[in-house]
Amino acid sequence: MLKLIRLEWKKNNIGKYIRNTLIMTVILSLLLVGMAGELEAVETVQSYGTSMTNAAIDLFMNMAYIIFTGVMLSSFIVGAYEKRTMHLMFSYPINRKKILLSKMAAVWIFNFVAMVISKLFVYMLLILLKPFLGISAAGIAFGALSFWLDIILGSAVMVSISYIALPVGLLMKSSKAAIVTAVIITFLTQGNIGTATLVNNIPFYAFLIILAAWAVFLSIHRVEVRDLP
Numbered sequence: 055m056l057k058l059i060r061l062e063w064k065k066n067n068i069g070k071y072i073r074n075t076l077i078m079t080v081i082l083s084l085l086l087v088g089m090a091g092e093l094e095a096v097e098t099v100q101s102y103g104t105s106m107t108n109a110a111i112d113l114f115m116n117m118a119y120i121i122f123t124g125v126m127l128s129s130f131i132v133g134a135y136e137k138r139t140m141h142l143m144f145s146y147p148i149n150r151k152k153i154l155l156s157k158m159a160a161v162w163i164f165n166f167v168a169m170v171i172s173k174l175f176v177y178m179l180l181i182l183l184k185p186f187l188g189i190s191a192a193g194i195a196f197g198a199l200s201f202w203l204d205i206i207l208g209s210a211v212m213v214s215i216s217y218i219a220l221p222v223g224l225l226m227k228s229s230k231a232a233i234v235t236a237v238i239i240t241f242l243t244q245g246n247i248g249t250a251t252l253v254n255n256i257p258f259y260a261f262l263i264i265l266a267a268w269a270v271f272l273s274i275h276r277v278e279v280r281d282l283p
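All you need for the numbering used here is the position in the sequence shown, starting with 1, plus 54.
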C-alpha cells in the first residue's frame with residue numbers, strides 16, 4: 055500500500071500541491087496576523103469555547119483544507135476516470151479496491167500533514183510577532199495536551215469530511231461537481247444556523263464522519279465488477 059501511495063504522489067506531481075499549500079498557508083498567515091490585534095480584543099467566544107485567535111485559525115484553515123482536499127480528490131480519482139487513466143491502472147494485477155484506497159490515502163495523508171503544519175506555522179508566527187502585534191497569545195498553549203489534540207483531531211476530522219464530495223463527483227462523472235460539493239460542505243460545516251453554531255459541534259461532526267465513511271464505502275463498493283465508463 056505504501057508503494058502505491060508513493061506512486062500516486064509521484065504520478066500526480068505532488069510537488070505542485072506542496073507549492074500550493076505553501077502559498078495558501080502564507081496568504082492565510084498574513085490575513086490572520088493582520089487580524090490578530092482585533093481578535094485579541096475579544097478574549098473568548100461563548101459559541102466557540104476558545105479564544106478568538108484560535109477560533110479564527112480553525113475557521114480559515116478548515117475552510118481552506120476542506121476545499122483543497124476536494125480539489126485533490128477530484129484530480130487523483132474523479133479526474134482519473136474522466137481522463138480514462140483509471141482503465142490503465144485497473145489493468146494492473148492489483149486489486150481495484152486497493153488502488154482506489156491508495157489514492158484516497160495519498161490525498162488524506164498529504165492534507166492531514168499539511169493542515170497540521172499550516173496551523174502550527176500560524177501559531178508560531180503569532181508568538182514570534184506578538185511584541186509587534188500587541189497580543190498576549192495566551193491561548194496558544196504549546197505545552198498543553200489539549201492544544202495538540204485539538205490540532206490533530208480537528209485536522210483529521212476536517213480532511214475526512216471532504217470525502218463526502220467524492221461519490222458525488224464519481225456519480226456525476228465530473229471533477230467540477232466534486233469541487234463544488236466540497237465548497238458546499240465547507241459553508242455548511244463552518245457556518246451557523248440561526249444562533250446555533252455548527253463549529254465544534256461534536257454530534258454534528260460525528261454524523262459527518264459516519265457520512266464520510268459511507269461515502270468512501272460507496273466509492274469502492276463493487277468496484278471489482280463495476281464497468282468503467
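By construction, the Cβ of each residue, glycine as well, lies at the ideal position given by its N, Cα and C atoms.
Predicted model only: the values in this text are computed from it and were never measured.
Please state the DSSP three-state secondary structure of residue i.
i    : result
N116 : helix
R276 : coil
I72  : helix
M34  : Nothing in the structure corresponds to residue 34, since the chain is present only between 55 and 283.
Y146 : coil
G197 : coil
S83  : helix
K137 : coil
S289 : Limits of the chain in this structure are 55 at one end and 283 at the other, which puts residue 289 out of reach.
N165 : helix
S229 : helix
T123 : helix
N66  : coil
S101 : Because S101 sits at a pLDDT of 47, beneath the cut-off of 50, its placement in the model cannot be relied upon, and the following sentence gives the value as read from the coordinates. It is coil, neither helix nor strand.
Within its chain, find whatever has a CB closer than 7 Å to the CB of residue i; leave out the 5 residues flanking it on each side and keep chain order.
i    : result
M89  : A110
G365 : Lying before the first or after the last residue shown, residue 365 is absent from the chain, which here runs from 55 to 283.
N66  : S129 and F130
Y71  : M126 and F164
I need the straight-line Cα distance from residue i to residue j, nearest angstrom please.
i    : j    : result
I205 : A198 : 11 Å
S228 : R73  : 25 Å
S273 : I181 : 43 Å
S128 : R60  : 18 Å
S216 : K230 : 14 Å
I239 : A269 : 13 Å
F271 : L86  : 37 Å
M226 : I194 : 43 Å
A159 : E136 : 20 Å
K57  : F164 : 15 Å
L174 : L142 : 40 Å
M55  : K184 : 44 Å
F201 : G69  : 30 Å
L242 : V161 : 22 Å
L179 : M126 : 27 Å
H275 : L84  : 43 Å
F261 : Y146 : 36 Å
A267 : M106 : 31 Å
M169 : R138 : 30 Å
Between which residues of its own chain and residue i is the CB-CB distance below 6 Å, once the five residues before and five after are set aside?
i    : result
R30  : Residue 30 falls outside the range modelled here, since the chain spans only 55 to 283, and no answer is possible.
F114 : L82
Leaving out five residues before and five after residue i in sequence, what residues of the same chain have Cβ atoms less than 8 Å from its Cβ?
i    : result
M78  : A118, F122 and S172
T235 : G124, I218, A219, V222 and G223
A134 : M140, M143 and K157
W63  : A160 and F164
Mind checking whether residue i and residue j have CB atoms under 8 Å apart?
i    : j    : result
I131 : L154 : yes
V176 : L82  : yes
M212 : N108 : no
A232 : F166 : no
S214 : I263 : yes
Quick check: is any heavy atom of the ligand NAD less than 7 Å from the C-beta of residue i?
i   : result
K70 : Looking for the ligand NAD in the displayed structure turns up nothing, as the structure carries no ligands at all.
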